[in-house]
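**Q**
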Amino acid sequence: MKIISKEIIANAAGVKIVKMSLLSPEISRKAFPGQFVVVMVNEKGERIPLTIVDTDSAAGIFSIIFQEAGLTTKVLGALNVGDRLYALVGPLGHATEIKNYGKVILVGGGVGIAEILPVARALKQAGNYLVSILGVKNKDLLILESELKNTSDQLYIMTDDGSAGRKGFTTDMLRELLSKDKYDLIYSVGPIPMMKMAVRISKEYQVKTWVSLNALMVDATGMCGCCRVTVYGQVKFSCVDGPDFDGQGVDWEELEKRNKAYSAQEKHICHHFPATETQ
Ligand code: FES
15 MKIISKEIIA
25 NAAGVKIVKM
35 SLLSPEISRK
45 AFPGQFVVVM
55 VNEKGERIPL
65 TIVDTDSAAG
75 IFSIIFQEAG
85 LTTKVLGALN
95 VGDRLYALVG
105 PLGHATEIKN
115 YGKVILVGGG
125 VGIAEILPVA
135 RALKQAGNYL
145 VSILGVKNKD
155 LLILESELKN
165 TSDQLYIMTD
175 DGSAGRKGFT
185 TDMLRELLSK
195 DKYDLIYSVG
205 PIPMMKMAVR
215 ISKEYQVKTW
225 VSLNALMVDA
235 TGMCGCCRVT
245 VYGQVKFSCV
255 DGPDFDGQGV
265 DWEELEKRNK
275 AYSAQEKHIC
285 HHFPATETQ
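Using this note's numbering, you'd call the opening residue of the sequence shown number 15 and step up by one each time.
1. Looking at C-alpha atoms only, which residue of S160, T235, S146, E268 is the closest neighbour of A245?
2. Specify, as a first and last residue, the run of the alpha helix (DSSP H) that T185 falls within.
3. Could you tell me how far apart the beta carbons of V53 and L99 are, in whole angstroms, since I believe they sit closer than 8 angstroms?
4. From P288 to G59, what distance separates their C-alpha atoms?
5. Tell me whether L227 sits in a helix, a strand or coil according to DSSP, three-state version.
6. If you reduce the DSSP assignment to three classes, tell me which class M15 lands in.
7. Can you tell me whether DSSP reads K274 as helix, strand or coil?
8. What I want to know is whether the C-beta of G239 ends up closer than 6 angstroms to one or more non-hydrogen atoms of the ligand FES.
9. Measure how close the beta-carbons of V95 and S19 come, nearest whole angstrom, since I'm counting them as under 8 angstroms.
10. Using 10 angstroms around the beta-carbon of E249, count the other beta-carbons present and answer buried if the total reaches 16, otherwise exposed.
11. So F80 and L90 are supposed to be a Cβ contact under 8 angstroms. How far apart are they, rounded?
12. Report yes if the C-beta of G236 is less than 6 angstroms from at least one heavy atom of the ligand FES; otherwise report no.
13. Taking 8 angstroms as the threshold, find out whether the stretch 203 to 223 comes into contact with the stretch 181 to 191 through three or more Cβ pairs.
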């Protein structure tokens, strides 16, 4: 659980995204694309799920990428190389189903771009034709562009302000691509409104769409029910049934409501305990 490397890969407009490599020979050996770990930064901290972005089983390390958004990610981001995390469990969740689907569109928004990278690599290896659409607010927040360029057959960048690629949303490009060609699968990770819109568009074109859901989690082993999500009318747990789900069956309104449940407390805690004071 030792931090082997740390790099701030984006830091602009009040958004900080950090890449960290952690030492864990077991996790690096067993992880598959789409799986995640649960991190407890310190003894009193909450448990947060983070996607495994990269593994190096020979070196026994794996990487996570996170945006400093709430208290726990800020505390995690304040740690340095050589520091240790209090606890780490993983790999958790089902791996993404990798096979040769044919033509696949990957849609990554914000820090969700990090989550599509391992899936993109595996899908490419399985022989798929990959079109990646990356969406960020502005060029300074764009992460993993060259990695995804190397993995994808086509890559499109969308920015809110037009400072890189084209001005607009990932879903604008998704609609454009779907209106011109036939695709076999869409894989989308990012903010809930983006995934919700991607699913709405893909439904019009009848293309199956997997989404990786970042539901609130506590135990992450299927016991607490905190991460529940309704899919095609059935209650599922993101941690053990997901994190990938068929987006067209997800009850997005319910998920939005549940993910906002603690935002007031989070703001309150962050205000009173800045990251550096909670080490
Ligand atoms: Fe508790 Fe999934 S986090 S059931």
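The beta-carbon is built from N, C-alpha and C at its ideal position, and this holds for glycine as well.
**A** Let's see:
1. According to the sequence provided, residue 245 is Val. The question's Ala does not apply to it. For the residues S160, T235, S146, E268, the minimum Cα distance to V245 belongs to E268.
2. 184 to 194
3. 6 angstroms
4. Only weak support exists for where P288 lies, its pLDDT of 38 falling under 50; the value from the coordinates is given anyway. So the two alpha carbons sit approximately 14 angstroms from each other.
5. coil
6. coil
7. coil
8. yes
9. 6 angstroms
10. Here residue 249 is Val; the residue named in the question, Glu, does not match the sequence. Per the 10 Å Cβ criterion, exposed.
11. 7 angstroms
12. G236: yes, Cβ under 6 angstroms from the ligand FES.
13. yes
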